[in-house]
Structures are given as structure tokens and as C-alpha cells.
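Chains as they are written, first to last, in UniProt numbering: chain X, 1 to 538; chain D, 1 to 266. Below is one structure, written out as C-alpha cells; the observations come after it.
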Amino acid sequence: MTAEDPLVAVRDLTVRFPVRRGEVEAVRGVSFRIGRGQIVAIVGESGSGKSVTARSLVGLAGEGAHVAATELAFDGIDLRAVRGRGWRAVRGRRVGFVLQDALGSLDPLRRVGAEVAEPLRAHGVVPAREVDAEVVRLLGEAGIPAPEGRARQYPHQLSGGLRQRALIASALAARPDLLIADEPTTALDATVQRQVLGLLRERVGHGTAVLLISHDLGVVAEIADHVYVMKDGLFVEDGPAARVLESPSHPYTRTLVGAALGRAARPRVTPGGSPREVLRAEGLVKEFTLPGRGAFTAVEDVSVTVRAGETLGVVGESGSGKTTLGRLLMGLLDPDAGRVLLDGRPWDGLRGHARRTARRGVQMIYQHPLSSFDPRYTARQILEEPLRAAGTAGRERAVRVARVLEHVGLSPAVLDRHARELSGGQRQRLAIARALAPEPQVIVCDEPVSALDASIQAQVLDVLADVQERLGVAYVFISHDLGVIRGLSHRVVVMKDGRVVESGETRRVLDHPAHPYTRALLDAVPRFAVRGRLRSRA
Amino acid sequence: MPRSLWPWTAVLVLLAAMAAFPSLFTGADPDAADLEAVLRPPGAEHWLGTDQNGRDLYARIVYGARPSLLIGTGAVLLALVAGVAVGVAAAQLGRIADQVLSRSLDVILSVPGLLLVFLVVAVLGPGSGSAAVGLAVVSVPGFARVARAEVIRLRAAQYVEAAHGFGWSRAQVVARHVLPNAAGPFLALATVSLGAMIVASSSLSFVGLGPRPPTAEWGAMLADSREFLALAWWPGVFPGIAVTVAVLAVTLVGQHLNRRVERRLP
Chain X
1 MTAEDPLVAV RDLTVRFPVR RGEVEAVRGV SFRIGRGQIV AIVGESGSGK SVTARSLVGL
61 AGEGAHVAAT ELAFDGIDLR AVRGRGWRAV RGRRVGFVLQ DALGSLDPLR RVGAEVAEPL
121 RAHGVVPARE VDAEVVRLLG EAGIPAPEGR ARQYPHQLSG GLRQRALIAS ALAARPDLLI
181 ADEPTTALDA TVQRQVLGLL RERVGHGTAV LLISHDLGVV AEIADHVYVM KDGLFVEDGP
241 AARVLESPSH PYTRTLVGAA LGRAARPRVT PGGSPREVLR AEGLVKEFTL PGRGAFTAVE
301 DVSVTVRAGE TLGVVGESGS GKTTLGRLLM GLLDPDAGRV LLDGRPWDGL RGHARRTARR
361 GVQMIYQHPL SSFDPRYTAR QILEEPLRAA GTAGRERAVR VARVLEHVGL SPAVLDRHAR
421 ELSGGQRQRL AIARALAPEP QVIVCDEPVS ALDASIQAQV LDVLADVQER LGVAYVFISH
481 DLGVIRGLSH RVVVMKDGRV VESGETRRVL DHPAHPYTRA LLDAVPRFAV RGRLRSRA
Chain D
1 MPRSLWPWTA VLVLLAAMAA FPSLFTGADP DAADLEAVLR PPGAEHWLGT DQNGRDLYAR
61 IVYGARPSLL IGTGAVLLAL VAGVAVGVAA AQLGRIADQV LSRSLDVILS VPGLLLVFLV
121 VAVLGPGSGS AAVGLAVVSV PGFARVARAE VIRLRAAQYV EAAHGFGWSR AQVVARHVLP
181 NAAGPFLALA TVSLGAMIVA SSSLSFVGLG PRPPTAEWGA MLADSREFLA LAWWPGVFPG
241 IAVTVAVLAV TLVGQHLNRR VERRLP
């Protein structure tokens, strides 16, 4: 870093938000510098204040935010003095901004090309007649194949990875000196994540500095030069990425690193179950008709079996049909061909009341627990609901609620609270408890930990493993995270484009992948070593 | 509740009490004509004066609260119940039912509202009941559309899918999760409509399609006052103030309740 002339210099930044009584201090005096062409990362768990810190640099800290600092400078401009319209000279032109949610950041009614062209026109980067050519060039540079055609499409017609790349292309269009990337790869699959990181690294080669906000230490280890670790609005540790991640000195950093390594490495595979099959799918096919565009086959000829007390991991990228498979197994969707048998009885032979009763045998845990709870309900009502549906009497309900709470390690004190008043980890435990309440044989877990912070992921996975060992419930564990799958599953199926491309014992499939797609998935996982040189797996 | 709304809440309570127990507020008979005391100005004997038939205006306004408010409230309740039923049916019973119901609502919407109310009242005969039904028919499409949209939106919610997973039937899921969570928009529309319906019911009475004379009703009192406005201002001004104050109170307190509901439901 050229300490004399950093691109960004921040000293004693505080950001306060007014709340109903008094104020909340989200950022409590942080100082950092970003040199030209440097990648600086701020890591921390959700709520640590890292996004607010980054947003303060472009005057978007939030409504009512009170930003103060003894120094807040970007390339010699004192950002503390910038007001209103003055920000427009900074945003887009000098500082590009990429958010996690690409679909939410792109205007759904505008073609991708128009979105990328906007900063070019707004800031007069290239002459008007060259804008179209520049857009295609930028999209191509961002790694979008066939950019001419993509520029004419709308955001919803692009996959998540392509959208994220289009967003990065628009953020980079005006050739900013600084790119702020807030969780740019969190919503992406491993292979796409790798491409996006490559794109960021390549831009740095052209002299752009990057401020990367992430909770994913794998991503940070892969590309960052300098790392700041943030907790409760303060930097607890900072230093060169290699040093911080290999020999963290602050206990919190050690927890983060430990959680990131541990979640991939720590095995939680239970002794496994009996050979008795509880759930069996034979030749499942499910097509969806798209308005005006014919049919789309989400699941094609998929057969799986789940034995009592075991975990079947389902791996694949988004759009590979994992979630549709989960819904078919639960009997929430009817397959176009093939059948699902629960305990030897096929779903399609059941109608009306019998089918609804059978549903209790397969429960589900969702990625976002909060949206799977009725927003009006307290924890007690949430847990009682499946029991009410099963017609369990009042006294028995209370006993069962107490029992499932104990299984997931929640205190009875949470019962009278609303789910939104619970922490992320408590919510997912509550979701597990609710799934256990009807005493199912199988629980379908759809990305149950991918929305959680690393340290909480570990806790939730521990709960799942513990419950399986004690109660012998089987899991169908859907995830794009191979580390999580490896740690929990007895057997694995790998899905691509609605088909199973490989299946078998977890260790056999992940250690000796036979299918090229499985190998590509494994190669794409960002990793870092604890000892020795920091490296990214090529 | 903010301090500024206390007076309006008091007004609502007072109006409700007047509608329920008018005799508590006045000893006078609202229909007793006194040809000796025609068009007397406000004074000690008749607080708000008398009308062209010598009837006490204060008593008529007090006794007029019930029909004036009941028609609007009844119309909103009828429209709410019918609209929600139609909307839920359209959302839940498949494509054909949806098309039939939604297009029928479009037909209602395509006829000017006032004309449709006149038609209903003409068919049923003038009176409070038919006025309420007529106004309800006109407002059903609004409630039905909101209900249909909310049900379709919430059907995709994960907690609704989860509820199916517990083994509830479709009707049970709608009753337990969909309707309660859709209540916010219904309530908002209902309170907004209530003010409009009170004005509309007064208008109906004004043109003689409301409760039949001699029943005291604010709109009808306004209509009666027109001919004598050059001689006496009080028979027109006081019922007008009554309508205005009632609508303001309903709207202001309703808006506050909506905001509270919205804050509670994320």
C-alpha cells in the first residue's frame, strides 16, 4: 500500500441510527485505508456493521443515518462535505457499487444492455454512437458469453450468475477507481462464484481497487490483500489476508476461521440407520409449462432411496431441480411420471384425508426459517400447529412441544416470543423443532444453513446430527455447499439440469468423482489452508 | 394513540352512542311537528333551531345518526363479506371459476356506480336496506380484487406451503393462514370505504332513495333545507356539519388503526 497516497482514507468513522428511544451505534469508530489497485476485505457476521461502513463511502448509509469521522476521504475529496447532488459525481463515475441481490438491483423492465449503458451515458464516458459497442465489450469482459444477444434480454431471463456479472459490468462501466462489492457471490453457486471472483481479480489488474464485504472467509482468502475483521461495529483485527487467516490473533477471528474450516472438515455423520427404506422415488419426471415458451423439465427420470436414520445429500447448482425434487418427495407436487413411495405406500394412491395424514411422515426445513413461519405466530403457536393439524389433544401438545424444544436445545423462554425476535440460529432450531413435532420419518432440508453465518451453521448442523442420532429420523439434505454435504451425508446424489449424474457413498463420490460435473463442482470450492502458504485450489 | 386523535375518538364514541341510544341525548321527539315554531333560529329552547315543519333540529340530528351511519356501515360490512368470499373463490377454485368471477366483477365495474345503485334501489324499492345493498354491490369488486390478489400472493408464501405439509386441508390453510395475514389490506380498504359510504348514503337520501320520510336522516335533512336556505341557514348547516365530522372521525381514526396493523405485520 502506498501509505502516502491511499485512494480511500477513513479515520474514526461512526454511524448512528435513530431508533424509537435514543440511538443505535452501528459503526463505532473504525479506521481503514484502501490503496490503488488493492483488494481490501471487511469480514464479519451479519449485523456487525460491515455493509453500513461500505455504504458510508457513497453516502448511502441509510435513512436518518448520522455519519461522523475525523477523516473520510476518497482520492483527495473530503466526503464529509459532499451533499445531495455532489454524490452523483462520486457514485458510478468514481465508485462502482455491486450488491448481493442482482435481481433486486437490476431494473426488471429494462434490457440488460440499457442498464449497462446508463452509467456510460450519465457520465459521458464514451461518445454516444460508441455506447452500444462499449456495452457489448463490457458484458464480454465480465465473462458473459454471446454478449450481443444477452444485452437484448431482460434480467429475469438471465441466470443468477449471469445477472451478477451483468451487474458488475454496469458497476465497472464508467471505469471507477473503486468497486464496492457487498457480498457479491453469496447468492451464487461455487462454479459461478469462482468466475465472478476471477473477474474482480482481473479488474484489479487494470488498476481498480476493490472493497469486498463478505462473511465468507473462503472468498476473502481467495482474493483479498488486506483483511479487516469486524464485530459489533468495531475492527477487532486487521492485517495482510495471509497473516490474519493463517494465524489469527483475536479470539473472534479464530472463531470465524475455525467455523469456516470446521464446517467443511468436521464429520457429523451418524452411525447410520437400518437398511429399511422409508422413502423411495422411482423415475420421477416433472415438467413446468412456461407462459409462451413451451415446457421446461425441472426433474427428469430421477430415482432415489432414503433409508431410516440416514442422510441423503442432494448436490447441484441452482436450477438443477433440487428443490422441485424435495417438493415431489413431500407430495406437495405430483410428478408427471414415476412415483414416490413413503414407507412402501405410493403418494399417488392417496387422496384427500389419507394423503394429508401421510404428509406428516415427511416434513420440511426451509432455507429461510422466518418466511416459513406465519408472521403472526409466537414460537409456541408455531410448534403447536403441526400437532393441532394432527388432532393432538391440548395436554399432549404441551408435552410434545417441551420435548422437541429440548431436542434442539432451545430454552422454554422462547415460547412466548415471535420468530422475528429470535436470532438466526434460534429461528432455524425452531424450524427443526417444528419439523420434528409430528414425529416424521423423513425431513427434507432445503439449503437449511446457507443463509446462516459460519459459526451458527456449525451449531445448526450439530443439532441436526444430534437429532438424527437420538431419534433415527432420515434427512434428504439439499445443498450447494459440498463441505456441509460431506460432513453430514451417508450417501450423495449429484444433480445437473434435472438429472442425477452421479450417486453413491459420500466418500466414494466426493473423493473419487467419476463424472466431470462432480469434479467441476469440487474444484470450484474456494479453500484456504491453515498452515503454510495461503493458496487457492486451482 | 397520538394525543391529536383523542377528540376524534371521542366523537366516534359519541356518534356510536347517539346511534344506539338517541333518547339519552334528547328528550324531544324528532318527528313532532310544531307549526307554531317553524324555522326558529338556534336558541335556548331549540339549541340548533327548528326546520320548516317546526321539528327540533338537534333531536333530528341525534335520531338521524342511526340511519345515516347504519347504511354506510352495513354497506361496507356486506361488501367486505361478499367481496372476500368472491375473491377467495376466484383465487382458489381454478382457472374457469376465476375467469367467470373476475369478468363478472369487471361488468359491475363497467357500469357507473351511481347508476347501479339507482338500479338496485329501483328494483328493491327505496329504504335503508336497499340503499345499503345497492352501495355494497358497487363496492364488492374492490374488496374481491384485493382478496383475490392477496390470496394469490400468500399462496406462494412458504408458511402456507409448510401448513399444507402439516396435513391441513386447503380450506383450513386459507382460514388459518391466508385470510388473517391478508387482513391488513382489507381493513385499510374498509376504513377508506366507510367514510366514502357514509357520504354516499347521505347522497342517496338527498335524492330521496334512502329511508322514507319522516325518518330523520342527515342527507334527507340537507335536501329538505334547500328550499328555505334563503330564509334560514341552520337546517342546512347543522346536518352538513354532522356528516363532515362523522366522516372525518371515521377516516382519521381508521387511518391510525391501519398504521398500527401495518406496523405489527411485517
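The C-beta atom is built at its ideal place from N, Cα and C for all residues, glycine as well. All values reported here derive from a predicted model rather than from experimental measurement.
Skipping 5 residues on each side, what residues in its chain have a beta carbon closer than 7 Å to that of Gly165 of chain D? none
What does Val492 of chain X pair with, by DSSP beta-bridge criteria? Per DSSP, the beta bridge partners of Val492 of chain X are X:Gly313 and X:Gly504.
Does Leu452 of chain X get closer than 9 Å to chain D when you measure Cβ to Cβ? Cβ-Cβ to chain D under 9 Å: no for Leu452 of chain X.
Inter-residue Cα distance where the pair is Val244 of chain X and Ser371 of chain X: Roughly 36 Å between the two C-alpha positions.
With DSSP run on the structure shown, which of helix, strand or coil describes residue 541 of chain X? Any answer about residue 541 of chain X is impossible in this case: the structure gives chain X only from 1 up to 538.
Just to check my reading of the structure: Ala281 of chain X and Gly338 of chain X have Cβ atoms closer than 8 Å, yes? What is that Cβ distance to the nearest angstrom? Their Cβ separation, rounded to whole angstroms, is 7 Å, which keeps Ala281 of chain X and Gly338 of chain X in contact under 8 Å.
Provide the residue span of the alpha helix (DSSP H) that contains Asp98 of chain D, from first to last. Element bounds for Asp98 of chain D: Arg95 to Ser110.
Are the region 242–251 of chain D and the region 10–24 of chain D touching, with three or more C-beta to C-beta distances below 8 Å? yes
List the residues that DSSP assigns as beta-bridge partners of Phe235 of chain X. X:Met230
Taking only the alpha-carbon atoms, compute the straight-line gap between residue 568 of chain X and Thr255 of chain X and give it to the nearest angstrom. Because chain X spans 1 through 538 in this model, residue 568 of chain X falls outside it and cannot be assessed.
From the DSSP output, read off the bridge partner residues of Glu25 of chain X. X:Arg16
If contact is defined by three or more beta carbon pairs under 8 Å, each pair taking one atom from either stretch, is the region 508–525 of chain X in contact with the region 173–183 of chain X? Result no; under three Cβ-Cβ pairs closer than 8 Å.
Counting C-beta neighbours from all protein chains within 10 Å, is the total for Leu231 of chain D 16 or more, i.e. buried, or is it exposed? Its Cβ having fewer than 16 others within 10 Å, Leu231 of chain D is exposed.
Quick one: which unbroken beta strand (DSSP E) runs of 3-plus residues sit fully inside the region 406–491 of chain X? Chain order, please. 442–446 and 474–479
Residues that DSSP places opposite Pro240 of chain X in a beta bridge: Pro240 of chain X is bridged to X:His226.
Let me see if you follow: with CB-CB separation under 9 Å, is Thr289 of chain X close to chain D or not? So no, Thr289 of chain X is outside the interface.
Can you name the start and end residues of the beta strand (DSSP E) that Ser214 of chain X belongs to? Ala209 to Ser214
I want to see whether chain D comes within less than 9 Å of Glu439 of chain X, judged by CB atoms only; does it? no
Which residues in the same chain have their Cβ closer than 7 Å to the Cβ of Gln363 of chain X, if we skip the five residues on either side of it in sequence? Ala435, Pro438, Pro440 and Ile443
Which two residues bound the contiguous alpha helix (DSSP H) that contains Ser193 of chain D? Taken as a continuous stretch (DSSP letters only), the alpha helix (DSSP H) holding Ser193 of chain D covers Leu179 to Phe206.
Compile a chain-ordered list of the residues in the region 367–380 of chain X whose CB is closer than 8 Å to at least one CB of chain D. His368, Ser371, Ser372, Phe373, Asp374, Pro375 and Arg376
Please list the residues of the region 135–150 of chain D that have a C-beta atom closer than 8 Å to any C-beta atom in chain X, keeping them in chain order. none
Grab the span of the alpha helix (DSSP H) containing Glu287 of chain X for me, first residue to last. Glu287 of chain X -> not in any alpha helix (DSSP H); beta strand (DSSP E) instead, spanning Glu277 to Thr289.
Using the beta-carbon of each residue, which ones in chain X are nearer than 8 Å to residue 312 of chain D? The displayed coordinates of chain D run from 1 to 266. Any statement about residue 312 of chain D would go beyond what the structure contains.
For Ser455 of chain X and Gly258 of chain X, I'd like the C-alpha separation in whole angstroms. 8 Å
Note down, in chain order, all residues in the region 385–398 of chain X with a beta-carbon under 7 Å from any beta-carbon belonging to chain D. Glu385, Pro386, Ala389 and Ala390: these are the residues of the region 385–398 of chain X whose beta carbon lies less than 7 Å from some beta carbon of chain D, given in chain order.
What are the residues of the region 152–177 of chain D that lie near chain X, defined by any Cβ-Cβ distance shorter than 9 Å? Ala157, Gln158, Tyr159, Val160, Glu161, Ala162, Ala163, His164, Gly165, Phe166, Gly167, Trp168, Ser169, Gln172, Arg176 and His177
When you compare the CB positions of Gly64 of chain D and Ser139 of chain D, do they come within less than 9 Å of one another, or not? In this structure, Ser139 of chain D does not lie closer than 9 Å to Gly64 of chain D by Cβ.
Residue burial classification, Ile485 of chain X (beta-carbon count within 10 angstroms, cutoff 16): Buried is the call here.
Relative to the C-alpha of Val229 of chain X, which candidate in X:Ile223, X:His250, X:Glu246 and X:Gly218 has its C-alpha closest? X:His250
Look up Asp56 of chain D in the DSSP assignment and give the residues it is bridged to. D:Thr50
Within 9 Å of any Cβ in chain D, is that where the Cβ of Thr323 of chain X sits? no
Does Thr255 of chain X have its Cβ less than 9 Å from a Cβ in chain D? no
Distance between Leu15 of chain D and Leu80 of chain D (C-alpha atoms, nearest Å): Each residue's Cα considered, the two are about 22 Å apart.
Among D:Ala223, D:Ser203, D:Met1 and D:Tyr58, which residue has its Cα nearest to the Cα of Leu115 of chain D? Shortest Cα-Cα distance from Leu115 of chain D to any of D:Ala223, D:Ser203, D:Met1 and D:Tyr58 involves D:Ser203.
CB contact below 9 Å: Leu332 of chain X versus chain D: Yes - at least one Cβ of chain D is within 9 Å of the one on Leu332 of chain X.
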